[in-house]
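**Student:**
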Amino acid sequence: MSKILIRGAKVLGGEPQDVLIDGETIEAVGSGLSDEGATVIEADGQILLPGLVDLHTHLREPGREDSETVLTGTKAAARGGWTAVHAMANTFPVADTAGVVEQVWRLGKESGYCDVQPVGAVTVGLEGKQLAELGAMHESAAGVVVFSDDGKCVDDAVIMRRALEYVKAFDGVVAQHAQEPRLTEGAQMNEGVVSAELGLGGWPAVAEESIIARDVLLAEHVGSRVHICHLSTAGSVEIVRWAKSRGIDVTAEVTPHHLLLTDEMVRTYNPVYKVNPPLRTQNDVMALREALADGTIDIVATDHAPHPHEDKDCEWAAAAMGMVGLETALSVIQHTMVDTGLLDWAGVAQRMSVNPAKIGRLAGHGRPVSAGEPANLTLVDPAYRGPVDSAEFASRSRNTPYEGLELPGRVTHTFLRGRATVIDGKLA
Amino acid sequence: MMRHLISAADLTRDEAVLILDTAEEMARVSDRPIKKLPALRGRTVCNLFFEDSTRTRISFEAAEKRLSADVINFAAKGSSVSKGESLKDTAQTLEAMGVDAVVIRHGASGAPYRLANSGWIDAPVINAGDGTHQHPTQALLDAFTMRRRLIGPDAGIGQDLSGKRVTVVGDILHSRVARSNVDLLHTLGAEVTLVAPPTLLPVGMDSWPCEVSYDLDAVLPKSDAVMMLRVQRERMNAAFFPTEREYSRRYGLDGDRMAKMPEHAIVMHPGPMVRGMEITAEVADSPRCTVVEQVANGVHTRMAVLYLLLGGNEPAVTHARTEEGK
Ligand SMILES: [Zn+2]
Numbered sequence: 001m002s003k004i005l006i007r008g009a010k011v012l013g014g015e016p017q018d019v020l021i022d023g024e025t026i027e028a029v030g031s032g033l034s035d036e037g038a039t040v041i042e043a044d045g046q047i048l049l050p051g052l053v054d055l056h057t058h059l060r061e062p063g064r065e066d067s068e069t070v071l072t073g074t075k076a077a078a079r080g081g082w083t084a085v086h087a088m089a090n091t092f093p094v095a096d097t098a099g100v101v102e103q104v105w106r107l108g109k110e111s112g113y114c115d116v117q118p119v120g121a122v123t124v125g126l127e128g129k130q131l132a133e134l135g136a137m138h139e140s141a142a143g144v145v146v147f148s149d150d151g152k153c154v155d156d157a158v159i160m161r162r163a164l165e166y167v168k169a170f171d172g173v174v175a176q177h178a179q180e181p182r183l184t185e186g187a188q189m190n191e192g193v194v195s196a197e198l199g200l201g202g203w204p205a206v207a208e209e210s211i212i213a214r215d216v217l218l219a220e221h222v223g224s225r226v227h228i229c230h231l232s233t234a235g236s237v238e239i240v241r242w243a244k245s246r247g248i249d250v251t252a253e254v255t256p257h258h259l260l261l262t263d264e265m266v267r268t269y270n271p272v273y274k275v276n277p278p279l280r281t282q283n284d285v286m287a288l289r290e291a292l293a294d295g296t297i298d299i300v301a302t303d304h305a306p307h308p309h310e311d312k313d314c315e316w317a318a319a320a321m322g323m324v325g326l327e328t329a330l331s332v333i334q335h336t337m338v339d340t341g342l343l344d345w346a347g348v349a350q351r352m353s354v355n356p357a358k359i360g361r362l363a364g365h366g367r368p369v370s371a372g373e374p375a376n377l378t379l380v381d382p383a384y385r386g387p388v389d390s391a392e393f394a395s396r397s398r399n400t401p402y403e404g405l406e407l408p409g410r411v412t413h414t415f416l417r418g419r420a421t422v423i424d425g426k427l428a
Numbered sequence: 001m002m003r004h005l006i007s008a009a010d011l012t013r014d015e016a017v018l019i020l021d022t023a024e025e026m027a028r029v030s031d032r033p034i035k036k037l038p039a040l041r042g043r044t045v046c047n048l049f050f051e052d053s054t055r056t057r058i059s060f061e062a063a064e065k066r067l068s069a070d071v072i073n074f075a076a077k078g079s080s081v082s083k084g085e086s087l088k089d090t091a092q093t094l095e096a097m098g099v100d101a102v103v104i105r106h107g108a109s110g111a112p113y114r115l116a117n118s119g120w121i122d123a124p125v126i127n128a129g130d131g132t133h134q135h136p137t138q139a140l141l142d143a144f145t146m147r148r149r150l151i152g153p154d155a156g157i158g159q160d161l162s163g164k165r166v167t168v169v170g171d172i173l174h175s176r177v178a179r180s181n182v183d184l185l186h187t188l189g190a191e192v193t194l195v196a197p198p199t200l201l202p203v204g205m206d207s208w209p210c211e212v213s214y215d216l217d218a219v220l221p222k223s224d225a226v227m228m229l230r231v232q233r234e235r236m237n238a239a240f241f242p243t244e245r246e247y248s249r250r251y252g253l254d255g256d257r258m259a260k261m262p263e264h265a266i267v268m269h270p271g272p273m274v275r276g277m278e279i280t281a282e283v284a285d286s287p288r289c290t291v292v293e294q295v296a297n298g299v300h301t302r303m304a305v306l307y308l309l310l311g312g313n314e315p316a317v318t319h320a321r322t323e324e325g326k
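So the protein lines, in turn, are chains C and B. Just so you know, we're using the UniProt record's numbering here: the first sequence kicks off at 1 and counts up by one. Just so you know, we're using the UniProt record's numbering here: the second sequence kicks off at 1 and counts up by one.
1. Checking contacts by CB at 8 angstroms: is MET205 of chain B closer than that to chain C?
2. Verify the CB distance criterion: does THR132 of chain B have a CB-CB separation below 8 angstroms to chain C?
3. Kindly indicate if chain B contains any beta-carbon less than 8 angstroms away from that of TYR113 of chain C.
4. Would you kindly report the start and end of the unbroken alpha helix (DSSP H) that includes GLY135 of chain C?
5. Would you identify the three-state DSSP class for VAL292 of chain B, choosing helix, strand or coil?
6. Name the chain C residues whose beta carbon is nearer than 8 angstroms to that of GLY119 of chain B?
7. Kindly indicate which residue of C:GLU290, C:THR251, C:ALA319 has the alpha-carbon position closest to the one of HIS177 of chain C.
8. What are the residues in the stretch 261-285 of chain C lying within 7 angstroms of chain B by C-beta distance?
9. Helix, strand or coil: how does DSSP classify PRO374 of chain C here?
10. Along the chain, where does the alpha helix (DSSP H) that runs through TRP105 of chain C open and close?
11. For a test of the three-state rule: what should DSSP assign to ASP115 of chain C, helix, strand or coil?
12. Quick test of your reading: VAL369 of chain C and LEU12 of chain C, contact by CB under 8 angstroms. State the CB separation rounded to the nearest angstrom.
13. Where do the ends of the alpha helix (DSSP H) carrying LEU164 of chain C lie?
14. Leaving out five residues on either side along the sequence, give the residues of the same chain with a beta carbon under 6 angstroms from the beta carbon of THR199 of chain B.
15. May I ask whether a heavy atom of ligand 1 can be found less than 7 angstroms away from the beta carbon of ASN399 of chain C?
16. How would you call VAL81 of chain B, buried or exposed, if buried means at least 16 neighbouring beta carbons within 10 angstroms?
17. Quick check on the burial criterion: 16 or more other C-beta atoms within 10 angstroms. Buried or exposed for MET137 of chain C?
18. Under 7 angstroms: does the beta carbon of HIS86 of chain C sit that close to some heavy atom of ligand 1?
19. Taking 7 angstroms as the cut-off, does the CB of ASN190 of chain C come closer than this to any heavy atom belonging to ligand 1?
20. Output the boundary residues of the alpha helix (DSSP H) element that contains THR187 of chain B.
21. Verify whether the separation of the beta carbon atoms of residue 327 of chain B and VAL267 of chain B is less than 8 angstroms.
22. Below 8 angstroms on the Cβ atoms is my guess for HIS258 of chain C versus GLY325 of chain C; work out the distance and round it to an integer in Å.
23. Using beta carbons (cut-off 8 angstroms, strictly below), is LEU37 of chain B in contact with chain C?
24. Name the residues in the stretch 192-217 of chain C whose C-beta lies less than 9 angstroms from a C-beta of chain B; which are they?
25. Which residues share a DSSP beta bridge with THR39 of chain C?
26. Would you identify the three-state DSSP class for GLN282 of chain C, choosing helix, strand or coil?
27. At what residue ranges does the stretch 97-125 of chain B contain a whole run of the beta strand (DSSP E), taking only runs of 3 or more?
28. When we look at the beta-carbon of ASP424 of chain C and count the other beta-carbons within 10 Å, is it buried (16 or more) or exposed?
29. Is SER109 of chain B close to chain C, meaning its C-beta is less than 8 angstroms from at least one C-beta of that chain?
30. Please say whether ALA101 of chain B and ALA76 of chain B have beta carbons closer to each other than 8 angstroms?
31. Tell whether a beta-carbon distance below 8 angstroms holds between LEU288 of chain C and THR262 of chain C.
32. From which residue to which residue does the alpha helix (DSSP H) around THR74 of chain C run?
33. Within its chain, find whatever has a CB closer than 6 angstroms to the CB of MET88 of chain C; leave out the 5 residues flanking it on each side and keep chain order.
34. Hey, is the stretch 401-419 of chain C in contact with the stretch 12-32 of chain B, meaning 3+ C-beta pairs nearer than 8 angstroms?
35. At which residue ranges does the stretch 234-284 of chain C contain complete beta strand (DSSP E) runs of 3 or more residues, listed in the order of the chain?
36. Helix or strand or just coil, what does DSSP make of HIS309 of chain C?
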């Protein structure tokens, strides 16, 4: 592999520097590096970040290849600046055995656009009754570390306790989709002013918060770490803040859409805004931004959830829940966190690369941009502004809530172990 | 006049009064030997019902036929609404057939809004009840009934319901009738009080333009109209209230309670009634109960809505007189 010189990029938003990649590795970082024998990328004004790591991606394969495949999903990931994604387990069949996680892992290897780290189901068939073979999934070629029944909550307190305890043996972590099932029967949107008016079944904040409260206490009791998926309410933030202050080993994620959109959007009855957990209120949005800034929330995760057009082109109640997010995440974070002054680019790198890699125990990702490190890198043009156009998406699905919305920032280049997966905003 | 009728909240005071005045004209026509008006001759209206409701469907059908419209009844119930594809497909089928208006009833809140705003169809859409969201023609016929009874058919023309006190009792949480009535009655200047056990009131309704009470007896003496909503017995299985008997004791309307209402006050019910649950037979069959009138008024009101949405802005009376003169 030849050399690549990224010239004049602001590393983590700092002073402009040159970064020389040789093969799979960063060879040097400095100023005035020689471009001899190297392909030069002029990166004036651009920000260089460690390759982004998503802890929460639905790639849909196996089973729903009409909405996404590992190949199309990893292409979308590359376009969004991601070099590693965690593929959620709610596929058909469910990723609850070593066989299925190895299949997904192998498809990721074959795609070559982005590392795919499978997430294993906590319970057989996501049914919440019997633990899946967590150890076998960990020992498989896929080396599963993160376990989640995402899409469903591990609501049985005993099963959750056992799972938290069991995965300690191999430093695993349970990622909880916090949703008390009885409180959310028939739930269609956030329960509040808007649901009362629209006559749509309410998804109360307490259904999320009560599970988080229980799980951080369980994690404390058994001395395990626990990860909370897609925090969506101000109350959840308070609970996680309290748990951290007590020294409980809890990490939490927030999605880009929960940092930008509110339940007011549901007034359009357009199912493109239907997502689980639902869009909340402006008060929740502000609390989530603040929590991401102050570190109470550790990471941004996309909860990229592709759905075919027909599953959204219908009345609200019949529509599927979820939004695609891989290709817009960084722009939304720049818009909501960077351009608002809440976070600098080093902070973005921490929350979208370093921390998620740490939670997933993912070697080779979330590393410093310095000599000797693997060349997993993302180059962003923060000055770019333009409307979101889903026709440009590499994802097989188009269910974005941002269609036509003008957002800042654009990923110009993504490098996976020194190989460009995206060049000038286009898939390599 | 607006293009669609999706929510009672979309109506201005003047639009609502125009509909009520037009309905009054329609009522007068209905008293004549020849009830039919030529207003919608040559226009096709489709009653698209994804949810069973013979009462509402027949009411719309009668209204459409009295306006000389061609009527297509499309009962889509059972044709897999689980995957919503059928709403869009059906809409496009109707569009291709050149339908001039769609009256839609759907179990999913927002389905009429989607139909009107998704580019699936061009024709005006009239919401005949969607999920637990809205049922605007029901609110209009209720307001029409109140105006006739509390002010008078002639004295009411041009009037709203300013100062009238309306109490709505029952399952507010699951009721599109309650939502529509709160919106429309507020627009018309009435003071609305909702009475229900707290379990049957939605979280997040603090900003609604109405009062809330858990005590029916306290509210009755201050009511000009008391509207009883149907309460489904199954609700007690989901712990909304302990037993049918307890519900009736606390929130049902019987003869003793009715006696606490002012002399002129009326009892309303959108039907179908669950006698013995929210209302006793004694009350349901009393002359103060307007249930039967509401059914007749439903046809007049729906004629007015169809006429105004499809026919034009002028009062229907000109058409009526033209017909009379022939
Ligand atoms: Zn989830």
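Don't be surprised by glycine CBs; every beta carbon is placed ideally from N, CA and C.
**Tutor:** A quick look at the data gives this:
1. yes
2. yes
3. no
4. 134-139
5. helix
6. Within chain C, no residue comes near GLY119 of chain B; the closest Cβ sits about 10 angstroms away, beyond 8 angstroms.
7. C:THR251
8. TYR269
9. strand
10. 98-111
11. strand
12. 7 angstroms
13. 157-166
14. PHE240
15. no
16. Bear in mind that the predicted position of VAL81 of chain B carries a pLDDT of just 48, short of 50, making it too unreliable to give a figure here.
17. buried
18. no
19. no
20. 176-187
21. Any answer about residue 327 of chain B is impossible in this case: the structure gives chain B only from 1 up to 326.
22. About 11 angstroms; that fails the 8 angstroms criterion.
23. no
24. GLY192, VAL193, VAL194, SER195, ALA196, GLU197, LEU198, GLY199, LEU200, GLY201, GLY202, PRO204
25. C:ILE4
26. helix
27. 101-106
28. exposed
29. yes
30. no
31. no
32. 70-79
33. HIS58, VAL119, ASP150
34. no
35. 250-254
36. helix
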